[in-house]
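Right, one structure below, let's go through it.
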Amino acid sequence: MIVLLAVVAGVVAGLVLQPTVPLDLQPYLPIAVVAALDALFGGVRAWLEQIFDDKVFVVSFVGNVLVASLIVYLGDKLGVGGELSTSIVVVLGIRIFSNAAAIRRRLFRA
Amino acid sequence: MRVRPRLLDTPMKRRADESMSLLVDLSAQSLDPGYAEAAARRAQSPNAQAPGAEPRRGALLALGVLAATLVIIVAAVQAHVRAPAAARTRADLVTTVDRENRAVDALARQVDDLRNQVGRLRDAQISGSASGAALAAQLRAEELASGAVAVSGPGLQVTLDDAPPAGAGAGTSGNRVLDRDLQAVVNALWAAGAEAVAINGERLTAQSAIRQAGDAILVDFQPLSPPYHLAAIGDPVELETSFGASDTAAKLRDYVQLYGLRFGYSRESALQLPASAGESLHFARPLPSHSARGGTG
Numbered sequence: 244m245i246v247l248l249a250v251v252a253g254v255v256a257g258l259v260l261q262p263t264v265p266l267d268l269q270p271y272l273p274i275a276v277v278a279a280l281d282a283l284f285g286g287v288r289a290w291l292e293q294i295f296d297d298k299v300f301v302v303s304f305v306g307n308v309l310v311a312s313l314i315v316y317l318g319d320k321l322g323v324g325g326e327l328s329t330s331i332v333v334v335l336g337i338r339i340f341s342n343a344a345a346i347r348r349r350l351f352r353a
Numbered sequence: 152m153r154v155r156p157r158l159l160d161t162p163m164k165r166r167a168d169e170s171m172s173l174l175v176d177l178s179a180q181s182l183d184p185g186y187a188e189a190a191a192r193r194a195q196s197p198n199a200q201a202p203g204a205e206p207r208r209g210a211l212l213a214l215g216v217l218a219a220t221l222v223i224i225v226a227a228v229q230a231h232v233r234a235p236a237a238a239r240t241r242a243d244l245v246t247t248v249d250r251e252n253r254a255v256d257a258l259a260r261q262v263d264d265l266r267n268q269v270g271r272l273r274d275a276q277i278s279g280s281a282s283g284a285a286l287a288a289q290l291r292a293e294e295l296a297s298g299a300v301a302v303s304g305p306g307l308q309v310t311l312d313d314a315p316p317a318g319a320g321a322g323t324s325g326n327r328v329l330d331r332d333l334q335a336v337v338n339a340l341w342a343a344g345a346e347a348v349a350i351n352g353e354r355l356t357a358q359s360a361i362r363q364a365g366d367a368i369l370v371d372f373q374p375l376s377p378p379y380h381l382a383a384i385g386d387p388v389e390l391e392t393s394f395g396a397s398d399t400a401a402k403l404r405d406y407v408q409l410y411g412l413r414f415g416y417s418r419e420s421a422l423q424l425p426a427s428a429g430e431s432l433h434f435a436r437p438l439p440s441h442s443a444r445g446g447t448g
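Heads up: the sequence lines are chains E and X, in that order.
Counted the way my numbering counts, the first sequence spans residues 244 to 353.
Counted the way my numbering counts, the second sequence spans residues 152 to 448.
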């Protein structure tokens with residue numbers, strides 16, 4: 244229930260406020276997006292497997308965003324920011340995909 | 152589905168190669184291992200949670216979900232807002248380019264008109280005396296040679312075109328007319344005695360450049376498209392024989408055979424060449440006593 248409320252609040256806040264991302268933070272937006280998707284899919288899968296833990300969910304989301312941003316920031320300083328950003332998207336993308344597959348197997352038993 | 156019993160049973164035990172089995176970990180641990188560890192902890196001490204922790208946990212969870220949703224929505228909104236803005240900017244730029252192009256054309260026409268006017272007024276002013284008439288004649292000759300005025304007369308028309316798309320060597324640069332082909336033809340025409348040369352209506356002067364930029368051939372920064380019509384004013388018979396016997400013409404005939412380029416030339420009784428788009432002097436200035444010295448040439 245509270246999760247649904249939070250989702251609705253997030254959507255409404257994003258659409259109503261339309262916050263603009265500062266230019267300095269724009270490179271980190273795609274990473275934040277895949278980290279958020281990864282956290283959501285992971286959370287749904289854990290919930291379906293009945294091992295969901297809210298602290299793990301929040302900490303892993305925030306931690307992943309921070310670590311990924313840090314890696315990209317470091318990559319920017321070293322001139323490989325774009326490549327590292329791609330690598331993070333790939334790694335988290337694989338996780339998202341296999342979590343989605345696990346959710347599918349659990350829901351449809353197929 | 153079994154949830155990694157290995158991790159549940161022995162959460163702290165690590166494989167020796169754990170940090171190196173990157174791809175295995177990626178697919179095997181797609182779910183954060185923290186969930187399993189938390190579940191194991193809960194299983195060991197079911198009542199460890201302090202009273203009052205439940206609402207705080209709920210708020211934490213709501214905050215996390217809200218943040219994740221917000222990030223996704225913000226990204227979607229950004230992508231949505233930025234795409235039309237980019238298209239709008241592009242349309243604005245296209246409009247600006249079109250408008251400026253039209254302005255440039257209008258100004259070029261105005262320059263032509265004013266040049267003609269200046270020439271007429273000058274001739275009217277100086278043609279009164281014998282020395283003035285000689286000067287006017289000399290000026291006209293110089294203008295003809297420098298491409299400053301439009302000219303007409305008999306001459307030779309040379310036509311060059313890329314090979315047809317289905318021809319031999321299609322898709323390579325072998326079947327296309329290159330800038331150096333045009334340069335060679337122009338040089339051969341000058342050598343054959345041409346007095347004025349233009350390519351597709353672009354008058355060539357001593358300062359003209361013919362060069363390739365990507366797929367286009369530029370003459371004085373004006374892009375040309377095939378077929379290329381080179382008009383040269385001069386004695387038609389002399390031009391035809393000299394040009395026809397030149398190395399360039401022989402080479403181009405070879406290209407016709409080898410690559411399927413199209414190449415031809417014919418005598419014309421009346422050709423009209425425009426004035427050059429404008430020879431601008433960037434550094435040279437007339438002498439202060441220009442009018443006094445002009446008479447002595």
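The C-beta atom is built at its ideal place from N, Cα and C for all residues, glycine as well.
If the criterion is Cβ atoms closer than 7 Å, does the pair residue i and residue j meet it?
i	j	result
Ala343 (chain X)	Phe394 (chain X)	yes
Leu211 (chain X)	Val310 (chain E)	no
Ser354 (chain E)	Tyr271 (chain E)	Chain E is shown from 244 up to 353; residue 354 (chain E) falls before or after that span and cannot be answered.
Pro387 (chain X)	Pro305 (chain X)	yes
Val336 (chain X)	Leu381 (chain X)	yes
Gly257 (chain E)	Leu217 (chain X)	no
Asp249 (chain E)	Ala236 (chain X)	In the sequence as displayed, the identity of residue 249 (chain E) is Ala instead of Asp. No.
Ile368 (chain X)	Leu375 (chain X)	yes
Arg192 (chain X)	Asp297 (chain E)	no
Ser417 (chain X)	Gln308 (chain X)	yes
Gly324 (chain E)	Val332 (chain E)	no
Leu390 (chain X)	Ile361 (chain X)	no
Phe284 (chain E)	Ile339 (chain E)	yes
Gly147 (chain X)	Phe295 (chain E)	Absent from the structure is residue 147 (chain X), since the part of chain X shown begins at 152 and ends at 448.
Thr356 (chain X)	Ser303 (chain X)	no
For the beta strand (DSSP E) containing residue i, list its first residue and its last residue.
i	result
Glu346 (chain X)	Here Glu346 (chain X) belongs to no beta strand (DSSP E), and DSSP marks it neither H nor E.
Val315 (chain E)	Run containing Val315 (chain E): none in the beta strand (DSSP E); it sits in the alpha helix (DSSP H), Asp297 to Leu321.
Ala421 (chain X)	Arg413 to Leu424
Ala382 (chain X)	Tyr379 to Ile384
According to DSSP, is residue i helix, strand or coil?
i	result
Ser116 (chain X)	In the structure as shown, chain X begins at 152 and stops at 448. Residue 116 (chain X) is therefore absent and cannot be evaluated.
Pro184 (chain X)	helix
Gln373 (chain X)	strand
Arg327 (chain X)	coil
Arg362 (chain X)	strand
Asp176 (chain X)	helix
Ile294 (chain E)	coil
Ala367 (chain X)	strand
Arg201 (chain E)	Lying outside 244 to 353, the shown extent of chain E, residue 201 (chain E) is not represented and no answer is given.
Ser393 (chain X)	helix
Ser282 (chain X)	helix
Thr310 (chain X)	strand
Leu340 (chain X)	helix
Ser328 (chain E)	helix
Ala278 (chain E)	helix
Ala189 (chain X)	helix
Arg436 (chain X)	coil
By a C-beta neighbour count over all protein chains shown, 10 Å radius and 16 as the cutoff for buried, is residue i buried or exposed?
i	result
Ala284 (chain X)	exposed
Ser328 (chain E)	buried
Asp183 (chain X)	buried
Gly352 (chain X)	exposed
Ala257 (chain X)	exposed
Asp281 (chain E)	buried
Val246 (chain E)	buried
Leu403 (chain X)	buried
Asn307 (chain E)	buried
Asn326 (chain X)	buried
Arg288 (chain E)	buried
Val355 (chain E)	Absent from the structure is residue 355 (chain E), since the part of chain E shown begins at 244 and ends at 353.
Ala219 (chain X)	buried
Ala364 (chain X)	exposed
Asn342 (chain E)	buried
Asp264 (chain X)	exposed
Thr399 (chain X)	buried
Leu268 (chain E)	exposed
Taking residue i and residue j to be in contact with their CB atoms under 8 Å, please state how far apart those CB atoms are, rounded to whole angstroms.
i	j	result
Arg354 (chain X)	Ala426 (chain X)	6 Å
Ala349 (chain X)	Leu424 (chain X)	4 Å
Ala287 (chain X)	Ser278 (chain X)	5 Å
Leu311 (chain X)	Val328 (chain X)	5 Å
Leu335 (chain E)	Val277 (chain E)	4 Å
Ile223 (chain X)	Ala344 (chain E)	Contact doesn't hold; Cβ gap of about 20 Å is too wide.
Val225 (chain X)	Val264 (chain E)	6 Å
Kindly indicate the opening and closing residues of the alpha helix (DSSP H) around residue i.
i	result
Tyr406 (chain X)	Asp398 to Tyr410
Ala256 (chain E)	Ile245 to Leu260
Spell out whether any CB of chain C is found under 7 Å from the CB atom of residue i.
i	result
Leu182 (chain X)	The structure shown has no chain C; the protein chains it does contain are E and X.
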